[in-house]
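Undergrad:
Number of protein chains: 2
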Amino acid sequence: MRSRLARDPLTGALVIIAPDRAGRPGAFSAQSPLPDAVECPFCPGREHETPPESLAVRPDSPGADTPGWQVRVVPNRYPAVSASGYGMPGAAAGIHEVIIETPAHHERLHELDLKRLAGVLAVYHDRLEHLLGQPGIRRAIIFKNSGAQAGASLSHEHAQAIGLNFVPPELAREERRRAAHARRSGRCLLCDLLAKAISTRRRVVVDMGKAVAICPPAPRFAHETWIIPRDHGPPASDILEAMAACLRKVLGGLESVSPGCAFNLVLAGPERAMSAGHHHLLKVLPRLTGIAGLEWGGGLFVNPVPPAASARLLGR
Amino acid sequence: MRSRLARDPLTGALVIIAPDRAGRPGAFSAQSPLPDAVECPFCPGREHETPPESLAVRPDSPGADTPGWQVRVVPNRYPAVSASGYGMPGAAAGIHEVIIETPAHHERLHELDLKRLAGVLAVYHDRLEHLLGQPGIRRAIIFKNSGAQAGASLSHEHAQAIGLNFVPPELAREERRRAAHARRSGRCLLCDLLAKAISTRRRVVVDMGKAVAICPPAPRFAHETWIIPRDHGPPASDILEAMAACLRKVLGGLESVSPGCAFNLVLAGPERAMSAGHHHLLKVLPRLTGIAGLEWGGGLFVNPVPPAASARLLGR
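Next comes the structure, spelled out in structure tokens:
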């Protein structure tokens, strides 16, 4: 069944009604434990249980859809958007992929060494670029749900890449605010944010030279962290490595503050939509604190941890 | 420590940084089971473990802060907003209360009989009115987090009432959209929404005469339901009873679709802020589906269940 876009007449919220998602494992079991390794469709040897791969990192170059990969990208079997919906009024059309970040079922992202983690970020970047290059795609987002509390339906580490035929509301808001800041000040909002955090040092988690991890001034989630490259432009491999080093530090810090902590990652890619001056921005959203009625009813987030305290804890 | 308001420079999200919330039970354990009855501060006989009550429903009129109550309202020991912050720049000031809806630790809201549930809604209404009448309070919200997945930190059923010295973003958006609709059409947006659902009947869960439960056209959550009185004006006891009958039907339906399902309730009260024509609107937000990276990164909700299918399931 085709996915369709609906807008809440009262709040303006944008919703994809996606009946095809109802069949996915754990679709209605936000509270249940995730399935274990026995039947995991993301484990090596079960490549036939996913659609054929779109991309894989295979150091030893065996054949497609066979074991031997380090990172594997496949179409999402339960897509939130329909590839067939382009041009249909009200359709939520686009491309929805899964990025399997490790062949090892129990390996967690913070356990990857720096080289492999940089390789994962390179795949994220590649998929953003690829999706944004497809006809009809206006925006793309990489997001990752790690842990049931963060919305994961399978425990094997994976992220998702989605390309959309419309601009999602949060990205539209970000783009408006960045554009307004540039008009007003002549400067890049992310550069200014970074400079402000660095000048006081109070919200810096770690500075890896080409990239810096900071806690934003108004974190919606306890220990929310943003990883921002220092320079503009598409991220070369040294920038991706610095971002990976930041990510390892942040996830490691989170793991010591709260072992097994669920989290979301978000890497939005309006690169072709933005004028020059765009940074990559990788958000780490820990899911330690519950999101409850005040957030849904009032659009108001409550965070018990000031960002400077988070930066101290994570950066230790 | 005083709570302060912070706005995300990138997304515009509004966040209350509330260090006093860090001490509350389960503040950082969204994944952990809730504490059991042994040490529950909301159980009768432990009235001294909460601040002195602001209001209680006591059919047999024993003394304040003693057992014998059916519903009890107390100041929140871990407030998200500070009573002392009025007039301080950047302070998130206001009043934060807890509404304990039943003396029985294990009783769930859908198990209350109609009369008691109508009594609970009368207390919700009373607290909205009371908060909106306090100096400096601009908006008030009743919200309920039932179940750990919905953000509850204690398993004993309770709701929260919050009065704020500022307009929370989601209410501001709703008010703007309602005002624009009234300007454009000369009619009330909620009345029109209700009329549309009733005319097709496809999204009506149950029609109790003075109030109707409908699934909204763009539900952010699977089985999201809105309970709306048919007529304008402050809710007299017959309207509260019809709303309670709707709520019982919806929560009962949810319980049979997914036993133990976590949910949020939201009852916003911009009554004194809105011009005539305001309805009460009680939202039931089931937390069956995980809220994940796409929601946080894109502001985009994915719902696998079309609202007409939810109405059929819940209304059975």
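Just so you know, the sequences run in chain order W and H.
The opening position of the first sequence corresponds to residue 1 in the numbering used here, with each subsequent residue numbered one higher.
The opening position of the second sequence corresponds to residue 1001 in the numbering used here, with each subsequent residue numbered one higher.
For glycine and all other residues, C-beta sits at the position ideal for the given N, C-alpha and C.
Remember, predicted model here, so these are calculated numbers, not experimental data.
(1) Which partner residues does Thr225 of chain W have in the DSSP bridge list?
(2) Just the Cα atoms here: how many angstroms apart are Val205 of chain W and Ile1228 of chain H?
(3) Under 8 Å, do Ser3 of chain W and Ala18 of chain W count as touching if we go by C-beta distance?
(4) For Ala1180 of chain H and Thr1102 of chain H, I'd like the C-alpha separation in whole angstroms.
(5) In chain W, which residues lie less than 8 Å from Arg1177 of chain H when you measure between Cβ atoms?
(6) Under 8 Å: do the segment 284 to 295 of chain W and the segment 230 to 242 of chain W share three or more Cβ pairs, one atom per stretch?
(7) So that I know if they touch, is there some Cβ in chain W lying closer than 8 Å to that of Gly1297 of chain H?
(8) Against chain W, does Met1274 of chain H count as a neighbour if the rule is that its beta carbon must be under 8 Å from one of theirs?
(9) Drop a sphere of 10 angstroms on the beta-carbon of Met1088 of chain H, count the other beta-carbons inside from all chains shown, and report buried for 16 or more, exposed for fewer.
(10) I'd like to know whether the C-beta of Ala211 of chain W is nearer than 8 Å to at least one C-beta of chain H.
(11) At least one CB of chain W closer than 8 Å to the CB of Glu1170 of chain H: is that the case?
(12) If contact means a Cβ-Cβ distance below 7 Å, which residues of the segment 254 to 270 of chain W contact chain H?
(13) Can you check whether the C-beta of Val1305 of chain H is within less than 8 Å of a C-beta belonging to chain W?
(14) His1096 of chain H by DSSP, collapsed to three states: which one?
(15) For Ala1311 of chain H, count neighbouring C-beta atoms within 10 Å of its own C-beta (all shown protein chains included) and say buried if the count is 16 or more, exposed if not.
(16) Which parts of the segment 123 to 201 of chain W are runs of the alpha helix (DSSP H), unbroken and 4 residues or longer, counting only runs that do not cross its ends?
(17) What are the boundary residues of the alpha helix (DSSP H) that Pro307 of chain W is part of?
(18) Give me the Cβ distance between Ile141 of chain W and Ile95 of chain W, rounded to the nearest whole Å; I'm assuming they're in contact under 8 Å.
(19) Can you tell me the Cβ-Cβ gap for Cys1188 of chain H and Ala1182 of chain H, rounded? I've got them flagged as a contact below 8 Å.
(20) Check each candidate in W:Val120, W:Pro135 and W:Gln134 and name the one with the smallest Cα separation from Phe143 of chain W.
(21) Flag Gln1031 of chain H as yes if its beta-carbon sits less than 8 Å from any beta-carbon of chain W, otherwise no.
(22) Which residues in the same chain as Leu1193 of chain H place their Cβ atom closer than 6 Å to its Cβ, once the five residues preceding and following it in sequence are excluded?
(23) Starting from Val81 of chain W, follow the alpha helix (DSSP H) in both directions and report where the run begins and ends.
(24) Using a Cβ-Cβ distance cut-off of 8 Å, determine whether Ile1214 of chain H contacts chain W.
(25) Which same chain residues end up closer than 8 Å to Arg1316 of chain H when comparing Cβ atoms and leaving out the 5 residues on each side of it in sequence?
(26) What does Arg302 of chain W touch in chain H if you count any residue whose Cβ is under 7 Å from its own?
(27) Look up Arg2 of chain W in the DSSP assignment and give the residues it is bridged to.
(28) So, is the C-beta of Glu1129 of chain H closer than 8 Å to a C-beta in chain W?
(29) Where does Gly1023 of chain H land, buried or exposed, given buried means 16+ other C-beta within 10 angstroms?
(30) Using the rule of at least 16 other Cβ atoms within 10 Å of the residue's Cβ for burial, across every protein chain shown, is Glu170 of chain W buried or exposed?
(31) Give the straight-line distance between the Cα atoms of Ala211 of chain W and Ala1080 of chain H, rounded to the nearest whole angstrom.
(32) Please classify Asp8 of chain W: is it buried, with 16 or more other beta-carbons within 10 angstroms of its beta-carbon, or exposed?
(33) Nearest by alpha-carbon distance to Val284 of chain W: which of W:Ile291, W:Val266, W:Thr66 and W:Leu300 is it?
(34) Going along chain H, which residues have a C-beta under 7 Å from Ala351 of chain W?
(35) To the nearest angstrom, how far is the alpha carbon of Pro1051 of chain H from that of Cys43 of chain W?
(36) Give the straight-line distance between the Cα atoms of Arg1184 of chain H and Val1167 of chain H, rounded to the nearest whole angstrom.
TA: For this structure:
(1) Bridge partners of Thr225 of chain W: W:Val284.
(2) Cα-Cα distance, rounded: 47 Å.
(3) Going by beta carbons, Ser3 of chain W and Ala18 of chain W fall inside the 8 Å limit.
(4) Rounded to whole angstroms, Ala1180 of chain H to Thr1102 of chain H spans 40 Å at the Cα level.
(5) What Arg1177 of chain H touches in chain W: Pro9, Leu10, Thr11 and Gly12.
(6) Below 8 Å, too few C-beta pairs join the segment 284 to 295 of chain W and the segment 230 to 242 of chain W to call them touching: fewer than three.
(7) With 8 Å as the cut-off, Gly1297 of chain H counts as an interface residue toward chain W.
(8) Confidence at Met1274 of chain H is low in this model, with a pLDDT of 44, below 50, so the placement of that residue should be treated as unreliable; the coordinate-derived value is given next. No, because no Cβ of chain W sits closer than 8 Å to the Cβ of Met1274 of chain H.
(9) Label assigned to Met1088 of chain H: exposed.
(10) Any Cβ of chain H closer than 8 Å to the Cβ of Ala211 of chain W would place that residue at the interface, and such an atom is absent.
(11) It does; some Cβ of chain W falls within 8 Å.
(12) Residues Ser258, Ala262, Asn264, Leu265, Val266 and Ala268.
(13) At a cut-off of 8 Å between C-beta atoms, Val1305 of chain H counts as an interface residue with respect to chain W.
(14) Looking at His1096 of chain H - three-state DSSP - the assignment turns out to be strand.
(15) Classification for Ala1311 of chain H: buried.
(16) Counting only runs of at least 4 residues, the segment 123 to 201 of chain W fully encloses the following alpha helix (DSSP H) elements, listed from N- to C-terminal order: 169 to 185 and 189 to 200.
(17) In the DSSP assignment, Pro307 of chain W falls within the alpha helix (DSSP H) that extends over Pro307 to Gly315.
(18) Not a contact, Cβ separation roughly 11 Å.
(19) Contact flag correct, Cβ pair sits at about 7 Å.
(20) Selection W:Val120, W:Pro135 and W:Gln134 evaluated against Phe143 of chain W yields W:Val120 as nearest (Cα-Cα).
(21) Residue confidence is low: Gln1031 of chain H scores 49 on pLDDT, short of 50, so the model does not pin down where it sits. No coordinate-derived value is stated.
(22) Residues of the same chain with their beta carbon placed closer than 6 Å to that of Leu1193 of chain H are lacking, with the five preceding and five following residues left out of the count.
(23) Note, Val81 of chain W: premise wrong, no alpha helix (DSSP H); not H, not E.
(24) Not an interface residue.
(25) For Arg1316 of chain H, where only same-chain residues beyond five positions count, the Cβ hits under 8 Å are Gly1253 and Ser1256.
(26) Note on residue identity: the sequence assigns Val, not Arg, to residue 302 of chain W. Proximity of chain H to Val302 of chain W at the Cβ level (cut-off 7 Å) is accounted for by Ile1016, Ala1018, Arg1021 and Ala1080, in chain order.
(27) Arg2 of chain W is not bridged to any residue.
(28) No Cβ of chain W is located within less than 8 Å of the beta carbon of Glu1129 of chain H.
(29) With fewer than 16 other Cβ atoms from the protein chains shown falling within 10 Å of its own Cβ, Gly1023 of chain H counts as exposed.
(30) Result: buried.
(31) Near 34 Å, if we compare the C-alpha coordinates of Ala1080 of chain H and Ala211 of chain W.
(32) Label assigned to Asp8 of chain W: buried.
(33) It is W:Val266.
(34) Chain W is shown only over 1 to 316; residue 351 of chain W falls outside these bounds and no answer can be derived.
(35) Near 53 Å, if we compare the C-alpha coordinates of Cys43 of chain W and Pro1051 of chain H.
(36) Their Cα atoms are separated by approximately 24 Å.
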